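Per this note's numbering, numbering of the sequence shown is gapless, rising by one per residue and ending at 295. Every residue gets a Cβ at the ideal spot worked out from N, C-alpha and C, and that includes glycine. Computed from a predicted model, the values in this text were never measured in an experiment.
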Amino acid sequence: MPNPDKVGAVAEITSRFNRSSAVVLTDYRGLTVAQLKELRTSLGTSSTYAVVKNTLTKRAVSAVGYDDLAPLLIGPTAIAFIEGEPVEAAKALRNFSRTNPLLIIKGGVLDGKMLSTEEINSLADLESREVLLGRLAGGMKASLTKAAALFQAPLSQVARLAAALAEKKPPADAPAEATIEAPAADIPPTPEAADDSVAAETTES
């Protein structure tokens, strides 16, 4: 018979994946309690940084279709569940890892797409979503309809469009008029940070 506590923990982790616009997996081995507190503070209230059990998290990633994350679930694992601005959270993690090299960024997910460590660091180099969208709308002299589509576009697509505009050429994945189809689901609005109860659990290898 399934352990009710484990079933509840898997359900909570699964819920956090579903609520997050992005997640970043990290190895926190060697970091002190004070350093972890500093990292959580730097991420802000729209992100939750939780220490997780690998065996339970593997069940959760399978449930949400993020099976490519399973190989990253080895050793001490903590996950940044990002419900706010992904770029700002990526900056916070990247900057913290620079001053605290014991924090290792393993990989993650953005808009449902898997990201490598290098791609997360590249995400941290982008400007915020609002700045990118403002430049795109101004650069294309977009109509209200097109501007609305831009605000619903995945951040990864917005970044590619911004790079293409900088080079004065249309991106490969957008029509000449730069019309973008809105995705099926928007990035969820920023709620208050979830309870950190999962963070208290001991990590399994």
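Taking the Cβ atom as the reference point for each residue, do residue i and residue j lie within a distance shorter than 9 Å?
i	j	result
Y139	L159	no
S136	G98	no
I169	V100	no
V154	T104	yes
R106	F186	no
K55	L163	In this structure the chain extends from 91 to 295, so residue 55 is not present and cannot be described.
Hey, quick one: how far does the beta strand (DSSP E) through residue i stretch, first residue to last?
i	result
D95	Run containing D95: none in the beta strand (DSSP E); it sits in the alpha helix (DSSP H), 94-109.
L115	112-117
L216	Run containing L216: none; DSSP gives neither H nor E here.
T351	Since the first residue shown for the chain is 91 and the last is 295, residue 351 is missing from the structure and cannot be characterised.
A170	167-172
Quick check: what's the CA-CA separation for residue i versus residue j?
i	j	result
K196	L216	19 Å
S132	V199	20 Å
P265	D201	Note that P265 has pLDDT 46, beneath the 50 cutoff, so the model's placement of it is unreliable and the number below is only indicative. Each residue's Cα considered, the two are about 21 Å apart.
D95	K143	13 Å
V372	A124	The shown model of the chain, from 91 to 295, leaves out residue 372, and the question about it has no answer.
T207	E102	25 Å
Of the choices the options, whose alpha-carbon is the least far from that of residue i?
i	options	result
T189	L162, P94, L121, P176	L121
L192	L129, K96, P94	L129
N108	S187, T116, V151	V151
L183	R119, I210, K203	I210
R119	T167, E102, T147	T167
E165	S110, A124, V123, I194	The question names Glu, but residue 165 in the sequence shown is Gly. Ranking S110, A124, V123, I194 by Cα distance to G165 puts I194 first.
P92	L146, V141, S111	L146
P161	A180, M204, V123, E178	M204
Would you give the residue range spanned by the alpha helix (DSSP H) that residue i belongs to?
i	result
L126	123-133
In terms of DSSP beta bridges, what is residue i paired with?
i	result
L200	A112, K203
S137	I172
I195	T116
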